[in-house]
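So in this note's numbering, spot 126 of the sequence shown is number 159, and the numbers just go up one at a time. Built from N, CA and C at the ideal position, the CB exists for glycine as well. First comes the structure, then the notes that go with it.
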Amino acid sequence: MRRKVIAGNWKMNMLPNEAIKFIEELSAQVKNTSNEIILCVPYTDLFYSLLTVQNTNIKIGAQNMHWEEKGAYTGEISGQMLKSIGVEYVIIGHSERRKYFAETDETVNKKIKSALQNELKPIVCVGETLEQREAGNHENIVRNQVKLALEGIQSEQLEKIIIAYEPIWAIGTGRTATSNDANEMIKTIRNEVANLYSEEVAQKLIILYGGSVKSENSKELFSTSDIDGGLVGGASLKPDEFAKICLSV
Ligand code: PEP
Numbered sequence: 034m035r036r037k038v039i040a041g042n043w044k045m046n047m048l049p050n051e052a053i054k055f056i057e058e059l060s061a062q063v064k065n066t067s068n069e070i071i072l073c074v075p076y077t078d079l080f081y082s083l084l085t086v087q088n089t090n091i092k093i094g095a096q097n098m099h100w101e102e103k104g105a106y107t108g109e110i111s112g113q114m115l116k117s118i119g120v121e122y123v124i125i126g127h128s129e130r131r132k133y134f135a136e137t138d139e140t141v142n143k144k145i146k147s148a149l150q151n152e153l154k155p156i157v158c159v160g161e162t163l164e165q166r167e168a169g170n171h172e173n174i175v176r177n178q179v180k181l182a183l184e185g186i187q188s189e190q191l192e193k194i195i196i197a198y199e200p201i202w203a204i205g206t207g208r209t210a211t212s213n214d215a216n217e218m219i220k221t222i223r224n225e226v227a228n229l230y231s232e233e234v235a236q237k238l239i240i241l242y243g244g245s246v247k248s249e250n251s252k253e254l255f256s257t258s259d260i261d262g263g264l265v266g267g268a269s270l271k272p273d274e275f276a277k278i279c280l281s282v
């Protein structure tokens, strides 16, 4: 049985005092769940969040990192830096970063390798645009993103990786994929991983769905055969709503 994982992606929201208050309210509500709960917070909230989650079952992730360890990359943060303050997870290749910051499958692959080297667990985002889906190319596009993201990654490292299938047309739009469509795409991803590695590795891999997840649809999505939880944007900004999502399975 794969564990359930619910990860919040706060994007560019929440000041440190808001983050601390949020975590205090959330932790009281989710303390008895065995689901894995992760909050991916802005860099400026990391340290405060790490202190506040001590003695709770909430884990902290960053939303991006650079693949180099250090050097002349003004404004960037490396995996080594994240690890040094106790960060456990890092989102890599979110569609907003691919769209606004020119991230490519190649940079995504470099970041995953660097994250693993620094003992961070990458949450790797893949997903198709609306045009790609309407043209019937979504399966090929997503299979290819998975293949390129995982190039050169060893099978035993897959235990440390989470994949998030996030159809771009469903992110922040209020338009959720049906649980059946999302589950089918996640099966496709699992099948690609089985082709690249083995059925055993594919069956163990945690794959999340992301795209307008909220408490009204999370139970149905997370109860399907292959969706192991969610990467949640907008609905992760309110502690009560996010707690309901965390507790929905
Ligand atoms: C996301 O940012 O990864 C996301 C899925 O956003 P939302 O839940 O707001 O669609």
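**OP:** Find the nearest neighbour of glutamate 249 within the set Leu79, Asp273 and Glu58, judged by alpha-carbon distance.
**Re:** Between glutamate 249 and the set Leu79, Asp273 and Glu58, the nearest pair of CA atoms involves Asp273.
Original post:
Where does histidine 171 sit, in a helix, a strand or coil, going by DSSP?
Top reply: If DSSP states are grouped into helix, strand and coil, histidine 171 belongs with the helices.
Original post:
Quick one: what's got a C-beta closer than 6 Å to isoleucine 195's C-beta in the same chain, skipping five residues either side?
Top reply: Once the five neighbours on either side are set aside, the close Cβ partners of isoleucine 195 are Ile156 and Ile239.
Subject >> Residue from Cys158, Val123, Val159 and Ala168 whose Cα sits closest to the Cα of alanine 148 >> reply: Of all alpha-carbon atoms in Cys158, Val123, Val159 and Ala168, the one lying nearest the alpha-carbon of alanine 148 is that of Val123.
Original post:
If you drop the 5 nearest sequence neighbours on each side, which residues of the same chain put their C-beta closer than 6 Å to that of glycine 94?
Top reply: Excluding sequence neighbours, glycine 94 sits near Ile71, Cys73, Tyr122 and Val123.
Original post:
Got a sec, what are the start and stop residues for the beta strand (DSSP E) glutamate 101 sits in?
Top reply: Annotation for glutamate 101: no beta strand (DSSP E) segment contains it, and DSSP assigns it neither H nor E.
Subject >> Nearest-angstrom beta carbon gap, glycine 160 and glutamate 184 [assumed within contact, 8 Å] >> reply: Rounded, the Cβ-Cβ distance is 18 Å, inconsistent with contact.
Original post:
CA-CA distance, isoleucine 186 and valine 179?
Top reply: If you take the alpha carbons of isoleucine 186 and valine 179, they lie about 11 Å apart.
Original post:
Whose C-alpha, out of Pro49, Thr77 and Ala61, is nearest the C-alpha of asparagine 90?
Top reply: It is Ala61.
Original post:
What do you reckon, are the CB atoms on lysine 237 and arginine 35 nearer than 8 Å?
Top reply: Closer than 8 Å, so yes.
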